[in-house]
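Chains as they are written, first to last, in our numbering: chain A, 4 to 87; chain B, 479 to 631.
What follows is a short report on a single structure.
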Amino acid sequence: MPLKLYVKYVSVVRDQVGKDQEVIVLDKEKATLRELLQLLYEKYRLEESPVEELLVLVNGKRLDPDEYLPDESQIIIAPPVSGG
Amino acid sequence: MAQKGFIRVGFVEKIEPAQLLSDFLGSLGTEAGAVTIFTGRIKGNMEGKKVNSLVYEVAEPYSTQSLEKIAREELEKNGLLGIMIYHKKGEAFPGEPVLFIAVASVSRKEAVHGLYTVLERVKHEAYVWKLEKREDGDYWIIGGSKRVPKKER
């Protein structure tokens with residue numbers, strides 16, 4: 004069964020990707036956060052991003068890169084925060 | 479018996495410090511001997527350039543949850559009686575208040591220390607991002623101070 008992920012891009016990452024959000028369907032039952040990020044880095048050339056370290060939230064939490072992504076996860080990809 | 483502390487947090491379209499302070503003071507019991515507050519405002523000048531506005535972006539419900547986490551942890555860690563954190567979302571203009579924090583405790587040391595700790599955590603941990611619109615262009619602010627020109631779409 005494919006893995007369906009809802010990905011939202013924030014701030015300068017949205018600039019780099021060129022869209023606010025997308026649904027990514029992976030043709031496999033399991034994928035780690037690291038695998039998803041590798042896919043996005045290649046697809047959107049994120050290595051050219053001016054942001055050295057991304058903030059990634061999976062269902063509101065920071066995940067270890069080698070953890071598996073739950074199906075239908077809400078994922079936010081953003082630069083470091085800038086509150087205040 | 480000590481009264482359990484309270485927290486109130488949120489991202490809102492308008493920050494009204496006087497009203498928020500009044501609400502905070504009105505929620506305190508008589509055991510609170512110290513209250514400290516911080517109000518952050520938009521600066522009209524940055525790096526020698528005129529700032530027209532800042533646009534605050536949030537990702538709800540996670541942004542509000544990040545404020546709740548900060549407030550709850552600091553309340554418990556420091557034995558505080560109350561914490562209020564309200565942060566602006568959307569576009570803000572020079573002089574406009576964009577952050578209000580209030581901390582109450584039995585005595586002054588905890589209130590002063592607690593306010594500083596909460597403020598620093600909001601700056602570094604709250605899920606909010608900003609775009610600076612100024613006379614020489616629009617810039618994403620990354621982390622504390624790095625600026626990246628916004629691409630036209």
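Cβ coordinates follow ideal geometry from the N, Cα and C atoms, glycine included.
CB contact check: residue i to chain A, cutoff 8 Å
| i | result |
| --- | --- |
| A480 of chain B | Its pLDDT being 48, under 50, A480 of chain B is placed unreliably by the model, and nothing is read from it. |
| E603 of chain B | yes |
| H642 of chain B | This structure cannot settle anything about residue 642 of chain B, because the visible part of chain B is limited to 479 through 631. |
| Q497 of chain B | no |
| K629 of chain B | yes |
| V626 of chain B | yes |
| L593 of chain B | no |
| K527 of chain B | no |
| V581 of chain B | no |
Within-8 Å CB hit, residue i to chain B
| i | result |
| --- | --- |
| S76 of chain A | no |
| L66 of chain A | no |
| L40 of chain A | no |
| K11 of chain A | yes |
| V54 of chain A | yes |
| V15 of chain A | yes |
| D18 of chain A | yes |
| L60 of chain A | yes |
Within 8 Å, strictly: CB atoms of residue i and residue j
| i | j | result |
| --- | --- | --- |
| S76 of chain A | Y9 of chain A | yes |
| L545 of chain B | S583 of chain B | no |
| E569 of chain B | S531 of chain B | yes |
| Y617 of chain B | K629 of chain B | no |
| I561 of chain B | V590 of chain B | no |
| S541 of chain B | Y605 of chain B | yes |
| L49 of chain A | L43 of chain A | yes |
| L52 of chain A | I619 of chain B | The amino acid at residue 52 of chain A is misidentified as Leu; the sequence shows Ser. The answer is no: Cβ separation not under 8 Å. |
| V28 of chain A | K7 of chain A | yes |
| R599 of chain B | E610 of chain B | no |
| A503 of chain B | V513 of chain B | At residue 503 of chain B the sequence reads Leu, which differs from the Ala that was named. It is a contact, given that the beta carbons lie within the stated cut-off. |
| E25 of chain A | M4 of chain A | no |
Contact set between residue i and chain A, taken where Cβ atoms lie within less than 8 Å
| i | result |
| --- | --- |
| K435 of chain B | The shown model of chain B, from 479 to 631, leaves out residue 435 of chain B, and the question about it has no answer. |
| K492 of chain B | The premise fails here: K492 of chain B is roughly 17 Å from chain A at the closest Cβ pair, so nothing lies under 8 Å. |
Anticipated Cβ contact below 8 Å, residue i with residue j, distance rounded
| i | j | result |
| --- | --- | --- |
| G621 of chain B | P83 of chain A | 4 Å |
Residues that residue i contacts on chain B, provided the C-beta gap is smaller than 9 Å
| i | result |
| --- | --- |
| I79 of chain A | A537, Y540 and Y605 |
Interface residues of chain B facing residue i [CB-CB closer than 7 Å]
| i | result |
| --- | --- |
| P83 of chain A | I620 and G621 |
Contacts that residue i makes with chain B (C-beta to C-beta distance below 8 Å)
| i | result |
| --- | --- |
| L49 of chain A | By Cβ distance, chain B contributes nothing, its closest Cβ being about 14 Å from L49 of chain A, past 8 Å. |
Partner residues on chain A for residue i, Cβ-Cβ distance less than 7 Å
| i | result |
| --- | --- |
| L577 of chain B | G87 |
| G518 of chain B | G87 |
| K608 of chain B | S85 |
Proximal residues of chain A, C-beta to C-beta of residue i below 9 Å
| i | result |
| --- | --- |
| V600 of chain B | G86 and G87 |
Is the region 568-578 of chain B touching the region 516-526 of chain B, taking contact as three or more C-beta pairs under 8 Å?
-> yes
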